[in-house]
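> Right, I'll just put the structure down here and ask away after.
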Amino acid sequence: MPFGTLLLKMAADSEPESEVFEITDFTTASEWERFISRVEEVLNDWKLINVSSGKPLEKGAYTTEIWEDKSDEITFADFRFSVMHHYLVQKSTDKNAKDELVEDALPVAMQDLLCMNNDFPPRAHCLVRWYGLRELVVIAPAANNEAVLSESKCNLLLSSVSIALGNTGCQVPVFVQIHHRNRKMYVGECQGPGVRTDFEMVHLRKVPSQYSHLSGLLDIFKSKIGCPLTPLPAINISIRLTYILQDWQQYFWPQQPPDIDALIGGEVGGVEFGKLPFGACEDPISELHLAATWPHLTEGIIVDNDVYSDLDPAQAPQWSVRVRKADNPQCLLSDFVTEFFKLCRRKESTDEILGRSAFEEEGKDADISQALSKLTEPAPVPIHKLSVTNMVHTAKKKIRKHRGIDESPLNNDVLNTVLMYLFPDAVDKSADGSEARTNTSVGSIPPPESEDSNLYIQFKSAPSDSLTYKLALCLCMINFYHGGVKGVAHLWQEFVLEMRYRWENNFFIPGLTSSAPDLRCCLLHQKLQMLNCCIERKKARDEGKKVINLEKQKDTVDRDYPKESDKEKGEVGKSWESWSDSEEEFFECLSDTEELKGNGQEGGKKGIAKESSKETLVLKPEGRLHAYGTMKLLHPGQPLYVPVTQEPAPMTEDLLEEQSEVLAKLGTSAEGAHLRARMQSACLLSDMESFKAANPGCCLEDFVRWYSPRDYIEEETVDEEGGVVIKGELSARMKIPSNMWVEAWETAKPVPARRQRRLFDDTREAEKVLHYLAIQKPADLARHLLSCVIHAAVLKVKEEESLEDIGLVKKIIKQIISHSSKVLRFPNPEDKKLEEIIGQIMNVEATIARARSLKAKFGIEKCTKEEERKDLEKFVNSFLEQPEVSVLGAGRGPAGIIIHKLFVNTQRVAPMMPYEEELKRSGSMDEKRLNSGMSSDFPPPAGREVILRTTVPRPAPYSKPLPQRMYSVLTKDDFRLAGAFSSDTTFF
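Each number in my numbering comes from the position in the sequence shown (counting from 1) with 386 added on.
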């Protein structure tokens, strides 16, 4: 037990509790000691205390491999510091590499100081570029506005780091950030067994003239290391000069921007409807940076002083190039999609935007007698003489009564062009206005199966050849070029008027397949498909009436009608009590009819049926389609016929959701379950009535054998005479008491489909669709069609990418498709996620524009040699994926020659640089240097980087030889020296 604790215990035993006195512990750690302890804890938590060995990294590892970091927070009194651990993730195949230690090996950081494989890395932490380290720890103030400014605090932190490194044995260098954050000033230390490296830094705004060249830097380095040896060991030198090309005026930007004024003025020829524009309106490449590097030099091989320099970039052994991208270049496709997305946030209705509704009747202020006068008006113009313009002529008059012609958002030329594009079946073929509107087809031929053709399923948009898809493109174009939200509202009103005209005149809507609404598409596309289904049913019913009248004239007794969707609505009685009076449509459970599809079976129907008002004693077969193979009725023995049945009612996803809610509200009670089963089996009754009408004398077993063969079980038995007899019976579920099938069969009367009540009321459903379309706001319309616009944008970037063949863009497009598939499948996706998708599309468009700009500048299209052309294309595409690209052959390679010409042409058209004039005036540059190739072909370097390395014993001649390194960077307004000087702590 500690001595202090023992005294407290003895005092508590000998004195009353109230008389126990407090003992002050004067061994409490200070804030400084706690800070050091906390630093040690962080290093231990990150497992940086183990001595590790490392091998020299491969060339380019700092750029190609991944950098990761860890962070933590510590405090010194009330001052918060953030601790960051930056390290390179190495792909090591030997898991026990860290255990293989070399005796008296230097720390990995000291070995990295001399490594030349990764000089001047383009993508790394600044300390990595200055010192060539693969791993380091940085302690910096946690708040951005705080800084360590005083020298005493800096020394205190550095002392704390030194003590922590010594206590833990950590060999990872630790840096402390001092001064203001934007100056990037660091001091640090690295310790090893008997060795230490001090990291020091100098940062100046003005460059001393004596240190602007290699000779002056060598003098600084030699004086700093203070090597007592004579002669001094060889100093290894690496030099990098950076030249900037900014003037691209002699190279025209390949993207020809559209004539915006002409488009706004109403001319349609600038951008074709149905095609999205693509490309940047400005050059997306602002600068080209050429880095000429001399990687391995020794003192005396090259001369660079204030009088003369051998550093001619044209003769540099290594060239590397990077491009500076323009900040947020304006791109046409991105602007189109972004502006359309902004519509989703608008709150106005169509009436608020355009004024009085175009769908209001003029008779609101007219006398009621005017309505009767229509009965005496001349016959209307024949349908085949109408065109799209004629269709909406009356409606336009109503609009113009309340809005002048000049106030119309869309002029007639633009409006007619759009309508003709959307409805090509109404294009005028002659001057007299006759048109080519057809009724023989309900939709276009489905496109071939491919990844692009099925992309609409993933995006829940619409097929690329559909009316919905074309409408989205037109609205996008109108919104950007022709009136914005007002133009969108105007076009939508005209579109709804066209939909009503086609419904009233039995004209199919083009660009829609002849099928039930496709639930994989957007809701607006489903609504248009529903309207097309209504037109199809109405047209078929009208034609069916003609057939019936013809039959009555011929007095045909036993005629099988062809299968029609909705025959005439006969006067039939009520069936299945009062619930069948409802006008609503309900679900029905699926039947097991897959096996009989090839035999012409029609199963799994939906709807409501009525009984015939009177069942005659002598039944005649009606509504037969064809014989059902060789199957016969069980009792009469007559052939079994497949009846003509009503088509199931098509449903859109919002109607399905409504019906689901209705069925769910019925509850789980016995009565609710029974009613729900009846509602779901409404079509079953209709099919039973059709079956009874087609097969007089049939029984339930006959119907089950056709409708659901799995519920009729047949067994082979042997009779008394030894013959095989096949006996059948209904399944167990058909024999359940109060079975819905039995009840429906007893209720059903023999009524053919043509005399049954319609399962699908096309008139009511069409009016519901038209009302739904009419009340849509521009924001609602944009929400519906945004998936189609994104779908079109993705197809556009895929088309443009195929012309360039850029690997990076292909990866991004796959990410866009994957992301969009997850976001757009929901009814109301979040705006933030939609903005992310649009941002990805903007990134792809800008990337392709950059590739085209670079190809134009490097003259790839003019290259005649195929092999050289491929090399240049590969070189240009590398800019899109890598921060810096090496030039094969430096200034003598194909790409290097082109880059050299770019600088030469720029130098010829540009006047003498002020910097050169100043140097010539001051005498710092002689005539020979000024007239050298460097001055004539290239501008003065925008940046000079020099790395000096050597290995010398410090601080005494008998000390261990250790690595020394100094990095220097010189720009127009910045001069920095970053030195790493090692010393022997054992023999000093």
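Where a beta carbon is used, it is the ideal one built from N, C-alpha and C, also for glycine.
Alpha carbon to alpha carbon, how far is T1371 from L1240?
T1371 and L1240: Cα-Cα distance of roughly 55 Å.
> For chain C, check one thing: does any of its Cβ atoms lie closer than 7 Å to the Cβ of T1031?
Absence of chain C from the displayed structure is noted, only one protein chain being present.
> So is R1096 buried or exposed if we call it buried at 16+ other beta carbons inside 10 Å?
R1096 comes out exposed.
> Roughly how many angstroms lie between the CA atoms of N865 and I1176, to the nearest whole one?
Approximately 15 Å, taken between the alpha carbons.
> Please classify Y694: is it buried, with 16 or more other beta-carbons within 10 angstroms of its beta-carbon, or exposed?
Classification of Y694: exposed, given that the 10 Å Cβ count is below 16.
> Among all the DSSP beta bridges, which residues are the ones paired with S457?
According to DSSP, S457 bridges with M470.
> Just the C-alpha distance for G959 and V1137, rounded to the nearest angstrom, thanks.
In this predicted model, G959 has a pLDDT of only 31, less than 50, meaning its place in the structure is not dependable enough to derive any value.
> Report the residue from D458, K456 and L443 whose alpha carbon sits nearest the alpha carbon of Q476.
Considering only alpha carbons, the answer is L443.
> Identify the continuous alpha helix (DSSP H) that holds P1164 and give its terminal residues.
Counting along the chain, the alpha helix (DSSP H) containing P1164 begins and ends at P1164 to E1190.
> Looking only at its own chain, which residues have a Cβ that is under 6 Å from the Cβ of R1362, when we skip the five neighbours before and after it?
Around R1362: H589 and V1355.
> Would you mind stating whether P493 and G612 have Cβ atoms separated by less than 7 Å?
Taking 7 Å as the Cβ cut-off, P493 and G612 do not qualify as a contacting pair.
> What are the start and end residues of the alpha helix (DSSP H) that includes Y1158?
D1148 to A1160 is the span of the alpha helix (DSSP H), which, as asked, contains Y1158.
> Given 8 Å as the limit, is there contact between the segment 1320–1339 and the segment 533–542, that is, 3 or more CB pairs closer than that?
Short answer: they don't touch.
> Using a Cβ-Cβ cutoff of less than 7 Å, which residues in the same chain neighbour C1249 once the five nearest sequence positions on both sides are dropped?
Cβ neighbours of C1249 beyond the five flanking positions: R1255 and L1258.
> If we ignore side chains and look at the alpha-carbon of each, how far apart do K846 and C1084 end up?
Looking at the two C-alpha atoms, the distance is approximately 46 Å.
> Could you check where the alpha helix (DSSP H) with Q1226 kicks off and where it finishes?
Looking at the DSSP string, the run of the alpha helix (DSSP H) that includes Q1226 is D1217 to K1243.
> Report all residues from its chain with a CB closer than 6 Å to the CB of F1324; omit the five preceding and five following residues, and keep chain order.
Closer than 6 Å at Cβ, skipping near neighbours: Y629, P699 and F1289.
> Can you have a look at D669 and say buried or exposed, based on whether 16 or more other CB atoms are within 10 angstroms of its CB?
Buried is the call here.
> Under a three-way DSSP split, which group does Y629 fall into?
Looking at Y629 - three-state DSSP - the assignment turns out to be strand.
> Is it buried or exposed, G741, if we count other Cβ atoms within 10 angstroms and call 16 or more buried?
Burial call: exposed.
> What are the residues that DSSP puts in a beta bridge with M571?
DSSP lists I564 as partners of M571.
> Quick check: the segment 1272–1281 against the segment 708–715, are there 3 or more CB pairs under 8 Å?
No, because fewer than three Cβ pairs between the segment 1272–1281 and the segment 708–715 fall closer than 8 Å, the two stretches do not touch.
> Under a three-way DSSP split, which group does T1371 fall into?
Of the three classes helix, strand and coil, the one that applies to T1371 here is coil, per DSSP.
> When you compare the CB positions of L1145 and A1035, do they come within less than 7 Å of one another, or not?
Yes, these two residues count as a Cβ contact at 7 Å.
> Among I422, D851 and S595, which one has its Cα closest to the Cα of S548?
Among I422, D851 and S595, the Cα nearest to that of S548 is on I422.
> Can the beta-carbon of Q1032 be found closer than 7 Å to that of S1072?
Yes, the pair counts as a contact, with Cβ atoms nearer than the cut-off.
> Would you kindly work out how many angstroms separate the C-alpha atoms of V1262 and D1191, rounded to a whole number?
Answer to the nearest angstrom: the Cα atoms are 12 Å apart.
> Using CA coordinates, which residue listed in S546, F465, V558 and E459 is at the minimum distance from K433?
The shortest Cα separation from K433 among S546, F465, V558 and E459 belongs to V558.
> Please determine if the segment 1169–1184 and the segment 726–733 are in contact, where contact requires at least 3 C-beta pairs separated by less than 8 Å.
Judged by Cβ distances under 8 Å, the segment 1169–1184 makes contact with the segment 726–733, as three or more pairs qualify.
> Pick out whichever of T461, Y572 and V1104 has its Cα sitting closest to the Cα of W516.
Closest by alpha carbon: Y572.
> Do you know how far the Cα of I1199 is from the Cα of V1230?
The alpha-carbon atoms of V1230 and I1199 are separated by roughly 8 Å.
> Out of curiosity, what's the CA-to-CA distance linking D1147 and A1139?
Going from the Cα of D1147 to the Cα of A1139 covers about 14 Å.
> D1088: buried (16+ other C-beta within 10 angstroms of its C-beta) or exposed?
It is buried - the Cβ of D1088 has at least 16 other Cβ atoms within 10 Å.
> Determine the extent of the alpha helix (DSSP H) in which G873 is found, giving its start and end residues.
Here the alpha helix (DSSP H) through G873 covers G870 to E890.
> Excluding the five sequence neighbours on either side, which residues of its own chain have a C-beta within less than 6 Å of the C-beta of L1220, listed in chain order?
Answer for L1220: no residue qualifies.
> Look at the alpha carbon of K1051 and the alpha carbon of E1043, and state the distance between them as a whole number of angstroms.
Roughly 12 Å between the two C-alpha positions.
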